[in-house]
Amino acid sequence: MRRILFFICLVAGCMIAATAGAASPKAKHVIYIGLDGWGAYSVSKADMPAVKELMEKGCYTLKKRTVLPSSSAVNWASMFMGAGPELHGYTEWGSQTPELPSRVILKHNIFPTIFQIYRDANPDAEIGVLSEWGGIQFLVDTLSTSHHAVAPDYNKYPTALCEMAEKYIKEKKPALAAVVFDNPDHVGHVIGHDTPEYYAKLHEIDGYIARIVKAVEEAGMLDETIFIITSDHGGINKGHGGKTMLEMETPFIIAGKGIRQGGEFQESMVQYDVAATIAYIFGLQQPQVWTGRPMTQVFE
Numbered sequence: 133m134r135r136i137l138f139f140i141c142l143v144a145g146c147m148i149a150a151t152a153g154a155a156s157p158k159a160k161h162v163i164y165i166g167l168d169g170w171g172a173y174s175v176s177k178a179d180m181p182a183v184k185e186l187m188e189k190g191c192y193t194l195k196k197r198t199v200l201p202s203s204s205a206v207n208w209a210s211m212f213m214g215a216g217p218e219l220h221g222y223t224e225w226g227s228q229t230p231e232l233p234s235r236v237i238l239k240h241n242i243f244p245t246i247f248q249i250y251r252d253a254n255p256d257a258e259i260g261v262l263s264e265w266g267g268i269q270f271l272v273d274t275l276s277t278s279h280h281a282v283a284p285d286y287n288k289y290p291t292a293l294c295e296m297a298e299k300y301i302k303e304k305k306p307a308l309a310a311v312v313f314d315n316p317d318h319v320g321h322v323i324g325h326d327t328p329e330y331y332a333k334l335h336e337i338d339g340y341i342a343r344i345v346k347a348v349e350e351a352g353m354l355d356e357t358i359f360i361i362t363s364d365h366g367g368i369n370k371g372h373g374g375k376t377m378l379e380m381e382t383p384f385i386i387a388g389k390g391i392r393q394g395g396e397f398q399e400s401m402v403q404y405d406v407a408a409t410i411a412y413i414f415g416l417q418q419p420q421v422w423t424g425r426p427m428t429q430v431f432e
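Counting from 133, one number per residue, gives the positions in the sequence shown under the working numbering.
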């Protein structure tokens with residue numbers, strides 16, 4: 133009888149220790165909104181009331197740096213993959229497969245992404261990725277998502293991505309959703325950065341962000357959601373990819389459940405710290421190959 137009691141106590145102790153070692157999620161939902169080509173230089177000048185309300189309610193930096201080159205695919209990959217191009221291997225603006233061998237591939241023939249490690253920890257979770265640029269689909273491990281879609285031509289259907297996101301959030305109440313707008317980059321290339329047309333596009337997208345926040349509220353998720361608003365790179369004149377701060381500094385804004393009203397933070401941040409911060413929100417263990425650091429200072 134004593135042996136049985138000892139065995140029961142031993143098992144119970146192990147279970148308690150395991151539970152104590154597991155990190156508790158900071159929130160049930162993360163809504164990540166990306167704006168391609170949104171330079172941090174523009175924030176002070178831009179008419180973006182929804183974004184600036186999130187900045188006031190949460191924490192932000194305008195000093196998050198890109199990895200090099202300061203171009204799209206390599207930087208979206210770094211944000212989703214928790215490491216830089218030296219490790220994940222995506223090195224160019226339009227990379228669809230790694231130009232360098234990925235240091236680690238755990239499954240699905242892709243370097244581990246935040247979507248993959250969240251799926252592994254939560255097999256039944258609703259995970260979605262919606263974008264205007266089809267290139268995003270090559271960087272997120274779509275096999276780990278529940279839903280992924282590319283919006284139709286935004287020149288013909290400018291509100292399509294916003295409407296897709298609203299519908300998806302209200303119907304599916306995703307635990308993790310990424311919504312990536314492409315148009316700031318498009319305007320930057322065609323007309324130029326830091327132009328009236330560029331700021332008009334930022335104002336337009338701010339309206340879509342307000343609608344997405346409203347959709348979260350209408351879905352009954354608001355009290356358990358953290359919003360992240362950020363970008364892959366900025367730009368100068370009609371281009372990007374170089375080493376100026378106009379190209380390399382991007383905003384990072386975080387607000388919602390458990391985020392302190394701390395305003396601007398001064399700690400350094402690089403693209404791969406975004407994935408690490410999302411992993412920290414969900415209490416996930418990072419893959420050893422990730423180099424990102426969570427921005428723990430933003431939490432209450």
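No residue lacks a Cβ here, since even glycine has one placed at the ideal position from N, Cα and C.
Leaving out five residues before and five after residue i in sequence, what residues of the same chain have Cβ atoms less than 7 Å from its Cβ?
i	result
Thr409	Pro426 and Met427
Val143	Confidence is the limiting factor: at Val143 the pLDDT is only 38, short of 50, which leaves the residue's position unreliable, though a coordinate-based value still follows. Here the set comprises nothing.
Ala281	Leu262 and Met296
Thr193	Phe384, Glu396, Phe397 and Met401
Ala159	Glu356, Thr357, Ile358, Gly388, Lys389, Gly390 and Ile413
Leu416	Ile249, Tyr250 and Ala253
Asn207	Thr198, Val199, Asp364, His365 and Gln403
Thr223	Val206, Pro217, Glu231 and Leu232
Gln429	Phe397 and Glu399
Phe431	Lys158, Gly390, Ile391 and Arg392
Met187	Ile385
Under the three-state reduction of DSSP, which class applies to residue i: helix, strand or coil?
i	result
Thr428	helix
His279	strand
Pro244	coil
Trp170	coil
Gly267	helix
Ala155	coil
Pro230	coil
Leu416	coil
Ile361	strand
Phe397	coil
Val406	helix
Ala387	strand
Ile249	helix
Ala144	Residue placement at Ala144 is flagged as unreliable, the pLDDT there being 43, under the threshold of 50; a coordinate-derived value is accordingly withheld.
Leu219	helix
Glu381	strand
Thr423	coil
Taking residue i as the reference, give the member of the options with the closest Cα.
i	options	result
Glu303	Glu350, Val322, Glu336 and Phe270	Glu350
Glu399	Thr362, Ser176 and Lys196	Lys196
Pro419	Lys333, Val319, Val236 and Met380	Val236
Gly260	Asn254, Thr274, Phe270 and Lys288	Thr274
Ala292	Val322, Val312, Pro306 and Gln429	Val312
Ser174	Ala332, Thr229 and Ile165	Ala332
Glu298	Asp168, Ala342 and Ala209	Ala342
Pro217	Trp422, Val322, Thr277 and Asp168	Trp422
Gly171	Ile165, Tyr330 and Met211	Tyr330
Ile360	Ser156, Met211 and Pro284	Met211
Val322	Gln393, Lys370, Ala155 and Gln228	Lys370
Pro290	Thr245, Ile337 and Val272	Ile337
Val272	Pro255, Thr245 and Asp256	Thr245
Asp256	Gly324, Ala307, Tyr286 and Ser227	Ala307
Quick one: what's got a C-beta closer than 6 Å to residue i's C-beta in the same chain, skipping five residues either side?
i	result
Gly190	Ile386, Ala387 and Ile391
Phe243	Met213, His220 and Ser234
Trp265	Asp314
Tyr340	Cys294
Gly169	Pro316, Asp317, Gly320 and Gly367
Gly424	Gly214, Tyr404, Asp405, Ala407 and Ala408
Within the same chain, show all residues whose beta-carbon is closer than 8 Å to that of residue i, passing over the 5 residues directly before and after it, in chain order.
i	result
Ile301	Ile163, Ala309, Ile344, Ala347, Val348, Ala351 and Met353
Lys305	His161, Glu258, Ala351, Gly352 and Met353
Lys288	none
Ala283	Leu262, Ser263, Glu264, Tyr289, Ala292, Leu293 and Met296
Trp225	Pro201, Ser203, Ser204, Ala205, Val206 and Gly373
Gln269	Val261, Ser263, His280 and Val282
Report yes if the C-beta of residue i is less than 7 Å from at least one heavy atom of the ligand PLP; otherwise report no.
i	result
His372	Summarising the ligand content, the structure contains no ligands, and the ligand PLP is consequently not present.
Three CB pairs or more closer than 8 Å across the stretch 189-201 and the stretch 238-255:
no
Start-end ranges of the beta strand (DSSP E) lying completely within the stretch 270-356, minimum 3 residues:
279-282 and 308-313
Which parts of the stretch 159-205 are runs of the beta strand (DSSP E), unbroken and 3 residues or longer, counting only runs that do not cross its ends?
161-167 and 191-197
Specify whether the stretch 176-187 and the stretch 366-382 touch according to this definition: at least 3 beta carbon pairs, one from each stretch, less than 8 Å apart.
no
Assess contact between the stretch 364-373 and the stretch 311-329, defined as three or more Cβ pairs (one per stretch) separated by less than 8 Å. Is contact present?
yes
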